[in-house]
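These notes concern the structure reproduced below.
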Amino acid sequence: MHFFNKSQEPWGVKDIHSHFIYVNQAYIDYLEIKQDIANLSYEAVTAFGSFKKGLVAHDQKVMQTGLRLEAVGTLLVGDNYRSFIFEKYPFFDRSGSIIGTVVHLKPFEHISMGFFLEKPFYGEATFTPPTDIFSNREWDVLFLLFRGLERKQIAEKLGISENTVRNNISRIFLIAGTNSRESLLDKGMKNGWHLYVPPLFVSVGYNMLFKEGR
1 MHFFNKSQEP WGVKDIHSHF IYVNQAYIDY LEIKQDIANL SYEAVTAFGS
51 FKKGLVAHDQ KVMQTGLRLE AVGTLLVGDN YRSFIFEKYP FFDRSGSIIG
101 TVVHLKPFEH ISMGFFLEKP FYGEATFTPP TDIFSNREWD VLFLLFRGLE
151 RKQIAEKLGI SENTVRNNIS RIFLIAGTNS RESLLDKGMK NGWHLYVPPL
201 FVSVGYNMLF KEGR
């Protein structure tokens with residue numbers, strides 16, 4: 001726990017019932033927790049109250065798959081909206097059995113582009129489109145492309161057909177003047193498109209965002 005205690009980012013550990021075993025001071029400060037939440041579940045944290053179901057589902061998915069899985073969302077903490085990516089990892093005992101989850105909140109102002117893409121690019125996320133050349137739906141698709149999702153996963157995430165996603169991607173290629181995903185993402189990083197988070201992903205709520213087998 002020494003690393004967690006020293007970290008300036010929010011970390012916590014929960015058991016198989018989604019009850020808190022541990023949270024560091026950064027977690028307490030970020031969520032403005034006013035009480036001891038040891039052995040309590042999400043409803044003990046006011047900011048989590050409205051989407052406990054999604055949080056628990058995320059825990060269960062991590063424990064079932066043994067994978068690090070992510071969610072993106074926005075909390076109302078006091079009078080302020082705080083957007084974040086929520087990483088969760090399986091928590092193992094000494095014998096290698098999964099006995100809970102390790103949780104990590106990454107406030108958007110702390111997110112590096114190495115988190116969005118496995119490349120050493122850094123920047124601060126923005127909620128204002130860097131250009132008006134794309135439609136809202138195209139920005140949604142572009143955001144998920146930067147997160148590494150494939151067409152089928154994007155379609156499922158956005159609740160649209162895979163063919164619609166394909167058409168959106170083709171239009172994005174046309175507008176951007178690119179002809180491949182790699183060249184699109186490279187151009188996007190050069191122009192700051194990778195830093196924009198569309199409203200769909202920052203409205204108050206909690207949305208799982210991951211690739212199977214990851």
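The opening position of the sequence shown corresponds to residue 1 in the UniProt record's numbering, with each subsequent residue numbered one higher. We treat Cβ as the ideally placed atom computed from N, Cα and C, and that holds for glycine. Predicted model only: the values in this text are computed from it and were never measured.
Beta-bridge partners of residue i, as assigned by DSSP
| i | result |
| --- | --- |
| leucine 200 | The partner list for leucine 200 (beta bridge, DSSP) is empty, contrary to what the question assumes. |
| threonine 164 | Its beta-bridge partners do not exist; DSSP assigns none. |
| aspartate 15 | Gly100 |
| tyrosine 22 | Val13 |
| proline 130 | According to DSSP, which records beta bridges pairwise, proline 130 is partnered with nothing at all. |
| glutamate 70 | Glu87 |
| phenylalanine 92 | Ile98 |
| leucine 75 | Arg82 |
| leucine 105 | Phe86 |
Which of helix, strand or coil DSSP assigns to residue i
| i | result |
| --- | --- |
| glutamate 32 | coil |
| serine 50 | helix |
| isoleucine 85 | strand |
| threonine 65 | helix |
| asparagine 39 | coil |
| leucine 195 | helix |
| asparagine 80 | strand |
| arginine 151 | helix |
| residue 215 | An answer regarding residue 215 cannot be provided, because it is not within the stretch 1 to 214 covered by the chain. |
| glycine 159 | coil |
| methionine 189 | helix |
| valine 45 | coil |
| glutamine 8 | coil |
| serine 170 | helix |
Burial state of residue i (16 or more Cβ within 10 Å)
| i | result |
| --- | --- |
| serine 170 | exposed |
| isoleucine 37 | buried |
| histidine 58 | buried |
| threonine 74 | buried |
| leucine 191 | Checking the sequence, you will find asparagine at residue 191 rather than leucine. Its Cβ having fewer than 16 others within 10 Å, asparagine 191 is exposed. |
| leucine 174 | exposed |
| phenylalanine 51 | buried |
| isoleucine 133 | exposed |
| methionine 1 | exposed |
| proline 199 | exposed |
| asparagine 5 | exposed |
| arginine 147 | buried |
| lysine 152 | exposed |
| lysine 187 | exposed |
| asparagine 168 | buried |
Nearest neighbour of residue i, chosen from the options [CA to CA]
| i | options | result |
| --- | --- | --- |
| leucine 69 | Gly54, Gly78 and Glu87 | Glu87 |
| glutamate 32 | Val72, Gly78, Ser95 and Asn39 | Gly78 |
| proline 130 | Leu195, Glu182, Phe4 and Asn39 | Leu195 |
| tyrosine 89 | Glu138, His104, Thr128 and Ser95 | His104 |
| glutamate 43 | His19, Leu149 and Leu158 | His19 |
| threonine 65 | Gly49, Phe92 and Phe201 | Phe92 |
| asparagine 24 | Gln8, Ile172 and Gln35 | Gln8 |
| valine 72 | Ser83, Val62 and Met63 | Ser83 |
| glycine 49 | Met63, Leu67, Asp29 and Leu76 | Leu76 |
| arginine 181 | Asn39, Glu150 and Ile160 | Glu150 |
Interface flag, residue i vs chain C, CB-CB below 8 Å
| i | result |
| --- | --- |
| phenylalanine 146 | No chain C appears in this structure, which consists of one protein chain only. |
Quiz item: Taking one C-beta from the segment 88-100 and one from the segment 14-28 each time, how about it: are there three or more such pairs within less than 8 Å?
Solution: yes
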